[in-house]
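Residue numbers (my numbering), protein chains in the order written: chain A, 1 to 322; chain B, 1 to 322.
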């Protein structure tokens, strides 16, 4: 009989659980709302129910190798979610232990961006790679760094916060983290909207974006304008791409990666974003890395990526345990 | 009988070989000039002679576990020195294989900065640490990154060129690597001298450094002036330390290290350098890392550090091989 893992994507709004085989095939999937459970133990009860259903679907507990959870604000070492800002439960929640105890399935948990990197390595654009960096460009900028086939955790498990490297150390934009000039303040969906507002204020150029109010400008609107041939919109992506390309050139000096994999909402901008990133990267990078790293978009469907990442975590952990 | 390794520090001017025990004790040491050997095979013959002497001193071949070489421009995977700029031999030199064949001692070779990091981990300030970053502040800026107890090599072995992260992406200084705004252009001994020349030109302040010609200003002279209480000299270290502190804050987001270990000529500036580095680091670093990483000076004697690093490489490799 076939072996499976359970991939568990714990998001602030929804929880998605899926039965996933070694090749990334999804045999079953269930989801329910996370934010309806104010008490973590009630949430765990609901998870156990869903997991029970997936175990049955797999043909029994023996067929389920492990369960992997991708969640925000995870401390990998302690197996806890710590002071999550977008989850209903406060403080330190030993979620992996709770789920494992309740279900009897070996459980591992890591940050969602790190799980996404593992997913890419097992099933996506980083298949077969041992050294790469995954960058998620969404509301914020997250990352997962893989060195010699393993996620980099660091001393306390906080490695890979590349959204908070300083790309404009002088007169940089304020970042939600309280610092200034962070990559996230420029190269997230929010960053693109901020660039749009800045450009609209400081430049005289005509633009389709002038038809909407500043507060309604989003990265999606900028993309749509760029598709229409809007010069200012394209300049906004050029600006964003240049800063991201410079940042990736710096990241290359750290771990000499084979590739950077870009993922998340902002990648929908396609070539408008990718072209200036690649061009600037090759222009700015230290000579040794010029011919190596390539910059790719994720190959996973956005709807599957998180749950496949969590499944990849379970498969990898399964291998480690043996 | 006691086990040893041979640590071999291959520098552009001198080659230093030492018999080193597990605790970092140096039982014997020999050195000879590297630059006298135009032919690599003659050089290897000389090495074999010296190694023979050290083996005898150890009490026979069985007592020597492995030989570790720290050298410039090493490709760790291919065991070759490639296109070294400061060595007499051109092209690709399979030095580790040549030495191993000639001596019958298991040989490993890595870049000098990476060997230095291993030395610090086994014998120095990083003893017992599994995640740290070693920064060498000499004529240039080198680095060795340790993640989960292992040196980060990356796809082609070029990981850890932190001297070439961009600290001033806008209007940055030219770096010898051909790019602009690199850390090395500011925080090396050469960088400090450049800052001094810039400050002397653009500021009116009186300074002891005005007594010497611009071309004679070195980081050592700046240090001596700082010791005398010279305001401008202290400002130069403040400026250098701030930039280094900012850069280390960025590096922390990558691997969440337990410590940064600073090594090399520039660290002789002591508190003049360290105080602004630490202050700026804690001011600039992303919240998660604020309470963790400490910034330390190397604990190895400068004269021993390179050879102990090479020895540490041999010991570590020895462990891997078993």
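Each residue gets a CB set at the ideal place from its N, CA and C atoms; glycine is no exception.
On a predicted model such as this, the values are computed, not experimentally measured, just so you know.
Quick one: give me the first and last residue of the beta strand (DSSP E) that residue i is part of.
i, result
"residue 134 of chain B", "132-137"
"residue 27 of chain B", "26-33"
"residue 18 of chain A", "14-20"
"residue 145 of chain B", "141-147"
"residue 263 of chain A", "259-263"
"residue 70 of chain A", "64-71"
"residue 118 of chain B", "Element bounds for residue 118 of chain B: not the beta strand (DSSP E) but the alpha helix (DSSP H), 112-123."
Count the other CB atoms, across all protein chains shown, that sit within 10 Å of the CB of residue i; report buried if there are 16 or more and exposed otherwise.
i, result
"residue 136 of chain A", "buried"
"residue 84 of chain A", "buried"
"residue 75 of chain A", "buried"
"residue 227 of chain B", "exposed"
"residue 321 of chain B", "Since pLDDT at residue 321 of chain B reaches only 40, below the 50 mark, its modelled position is unreliable, and the value read off the structure follows with that caveat. With fewer than 16 other Cβ atoms within 10 Å, it is exposed."
"residue 203 of chain A", "exposed"
"residue 16 of chain A", "buried"
"residue 121 of chain A", "buried"
"residue 258 of chain B", "buried"
"residue 154 of chain B", "buried"
"residue 215 of chain B", "exposed"
Distance check for residue j and residue i, CA to CA, integer angstroms please.
i, j, result
"residue 31 of chain A", "residue 158 of chain A", "28 Å"
"residue 129 of chain B", "residue 143 of chain B", "16 Å"
"residue 3 of chain A", "residue 123 of chain A", "17 Å"
"residue 262 of chain B", "residue 134 of chain B", "6 Å"
"residue 176 of chain A", "residue 300 of chain B", "41 Å"
"residue 161 of chain A", "residue 46 of chain B", "49 Å"
"residue 183 of chain A", "residue 41 of chain B", "50 Å"
"residue 114 of chain A", "residue 306 of chain A", "10 Å"
"residue 12 of chain A", "residue 208 of chain A", "34 Å"
"residue 10 of chain A", "residue 68 of chain A", "10 Å"
"residue 223 of chain A", "residue 36 of chain A", "34 Å"
"residue 126 of chain B", "residue 5 of chain B", "20 Å"
"residue 63 of chain A", "residue 57 of chain A", "10 Å"
"residue 139 of chain A", "residue 205 of chain A", "27 Å"
"residue 281 of chain A", "residue 95 of chain B", "33 Å"
"residue 238 of chain A", "residue 27 of chain A", "41 Å"
"residue 156 of chain B", "residue 211 of chain A", "50 Å"
"residue 169 of chain A", "residue 59 of chain A", "56 Å"
"residue 200 of chain A", "residue 229 of chain A", "16 Å"
"residue 311 of chain B", "residue 34 of chain B", "19 Å"
"residue 273 of chain B", "residue 256 of chain B", "23 Å"
"residue 231 of chain A", "residue 14 of chain A", "38 Å"
"residue 145 of chain B", "residue 55 of chain A", "42 Å"
"residue 61 of chain B", "residue 20 of chain B", "14 Å"
What is the residue span of the alpha helix (DSSP H) that residue i lies within?
i, result
"residue 255 of chain B", "231-255"
"residue 192 of chain A", "189-202"
"residue 55 of chain A", "40-58"
"residue 8 of chain B", "Note, residue 8 of chain B: premise wrong, no alpha helix (DSSP H); beta strand (DSSP E) at 4-10."
"residue 277 of chain A", "271-284"
So which of the options has the shortest CA-CA distance to residue i?
i, options, result
"residue 295 of chain A", "A:200, A:163 and A:131", "A:131"
"residue 164 of chain B", "A:121, A:254 and A:41", "A:254"
"residue 66 of chain B", "B:213, B:277, B:8 and B:250", "B:8"
"residue 213 of chain A", "A:205, A:10, A:193 and A:226", "A:193"
"residue 152 of chain A", "A:181, A:283 and A:118", "A:118"
"residue 234 of chain A", "A:271, A:81, A:40 and A:259", "A:271"
"residue 180 of chain B", "A:287, A:309 and A:72", "A:287"
"residue 275 of chain A", "A:249, A:302, A:196 and A:245", "A:245"
"residue 308 of chain B", "B:15, B:260, B:89 and B:116", "B:116"
"residue 284 of chain A", "B:18, B:80, B:174 and B:190", "B:174"
"residue 240 of chain A", "A:55, A:279, A:252 and A:251", "A:279"
"residue 186 of chain B", "B:93, B:167 and B:154", "B:167"
"residue 265 of chain B", "B:297, B:281, B:291 and B:236", "B:297"
"residue 111 of chain B", "B:217, B:252, B:215 and B:79", "B:79"
"residue 315 of chain A", "A:201, A:199, A:106 and A:29", "A:106"
"residue 70 of chain A", "A:97, A:77, A:108 and A:38", "A:108"
"residue 89 of chain B", "B:38, B:120 and B:61", "B:38"
"residue 91 of chain B", "B:121, B:97, B:98 and B:73", "B:73"
"residue 221 of chain A", "A:20, A:302, A:190 and A:242", "A:190"
"residue 269 of chain B", "B:219, B:198, B:248 and B:258", "B:219"
"residue 141 of chain A", "A:93, A:243, A:259 and A:289", "A:243"
"residue 97 of chain B", "B:22, B:86, B:146 and B:44", "B:44"
"residue 252 of chain A", "A:197, A:289 and A:29", "A:289"
Measuring from the CB of residue i, is there a heavy atom of the ligand ADP at a distance below 6 Å?
i, result
"residue 18 of chain A", "Because no ligand of any kind appears in the structure shown, any question about the ligand ADP cannot be addressed here."
Original post:
Should the region 44-52 of chain B be called in touch with the region 98-112 of chain B, which here means at least 3 C-beta pairs below 8 Å?
Top reply: Result yes; three or more Cβ-Cβ pairs closer than 8 Å.
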